[in-house]
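So the mapping is simple: the working numbering equals the position in the sequence shown, first residue as 1, plus 1.
Notes for the one structure printed next.
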Amino acid sequence: MTEPDTSFETVRHAILERKTEKALCDIERPLEAKSQSALAQELLELAHWAPFHKPAHETHRQTDLNSVVPWRMYVLEAQDCRKLLSTFKEWSKDDPSWLEGKIPNLLASADLLFQVTWLPNPKQTENQNAFEGTKDNMEHIAAAASAVQNMLIGATAKGLPNYWASGGLLLRPEIFKLLGISQEEMVLGSIFIFPKHLGNKEQVKIVPGSWREKRGPIEKKKKKLDIV
2 MTEPDTSFET
12 VRHAILERKT
22 EKALCDIERP
32 LEAKSQSALA
42 QELLELAHWA
52 PFHKPAHETH
62 RQTDLNSVVP
72 WRMYVLEAQD
82 CRKLLSTFKE
92 WSKDDPSWLE
102 GKIPNLLASA
112 DLLFQVTWLP
122 NPKQTENQNA
132 FEGTKDNMEH
142 IAAAASAVQN
152 MLIGATAKGL
162 PNYWASGGLL
172 LRPEIFKLLG
182 ISQEEMVLGS
192 IFIFPKHLGN
202 KEQVKIVPGS
212 WREKRGPIEK
222 KKKKLDIV
């Protein structure tokens, strides 16, 4: 009798269970902020071992964040998320748009936020787009996305709701400056990790992703080739 491949089944289960869960919390009643330094480090370790093909351009390796991998992670724990929410509230006195959308609600509930950037090769001319669709840049995006997926699978394996947001308010120049992110980096996404058992919190609403069940069968996205 063949022994079950428990390692494969464990990974498979986490991948199949991974799904978008947006924990939208009342911004006037944010969740208690607890330190999650150990969890952050565990998830960053998973991102660390994501595959990459091309190293980051040397212009992105002139600071303390000088890894050759073509992505960077800016980590906010729960208390930092709540402080950022407070900053949004303060800024909204002059510009109400700082409290629009779902980012403020996510900041009110998140245990962790990873602001993930990928590192485009530098522009060759003044008029060149910051993101030029070159092969190297596509390699960089793919590598950074692999790092994010590793983190999401890890969070799911721990039973933690998670959400890969496109950024929304967190894409604004003010946020780049506040978080110390170079304008030469491109945000790939804002990765929110939430605490367990949010169904017990009356001020939190869990909103699922809208595309999970619409991806269709495997047969609609693959073609078996027979070489003759």
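The beta carbon of each residue, even a glycine, is placed where N, CA and C say it ideally should be.
Computed from a prediction, not measured in an experiment: that's the story for all the values here.
query, result
"Residue burial classification, I104 (beta-carbon count within 10 angstroms, cutoff 16)", "buried"
"Alpha carbon of Q116 to alpha carbon of E140, nearest angstrom", "19 Å"
"Nearest to H54 (by Cα), restricted to the options L171, E22, S147 and W212", "S147"
"Beta-carbon proximity list for P31, same chain, < 6 Å, skipping 5 on both sides", "R83 and A109"
"Per DSSP, the bridge partner or partners of T11", "Partner(s): none; T11 has no beta bridge."
"Beta carbon proximity, E203 to chain D, threshold 9 Å", "Going by chain labels, chain D is absent from the structure shown, which holds only one protein chain."
"Contact check, D112 vs L161, beta carbons under 9 Å", "yes"
"Three-way DSSP call (helix, strand, coil) for E22 in this model", "strand"
"Counted within 10 angstroms of its Cβ, other Cβ atoms place P209 as buried (16 or more) or exposed", "exposed"
"Residue from H49, L85 and Q80 whose Cα sits closest to the Cα of S68", "H49"
"Whole-number beta carbon distance between L45 and M74, since they are thought to touch under 8 Å", "6 Å"
"Proximity winner among P218, T157 and E59, relative to I16 (alpha-carbon distances)", "T157"
"Sheet register partners of Q116 (DSSP bridge)", "Y75 and S191"
"Pair within 9 Å by beta-carbon distance, E22 and F195", "yes"
"Where I182 falls: helix, strand or coil (DSSP)", "coil"
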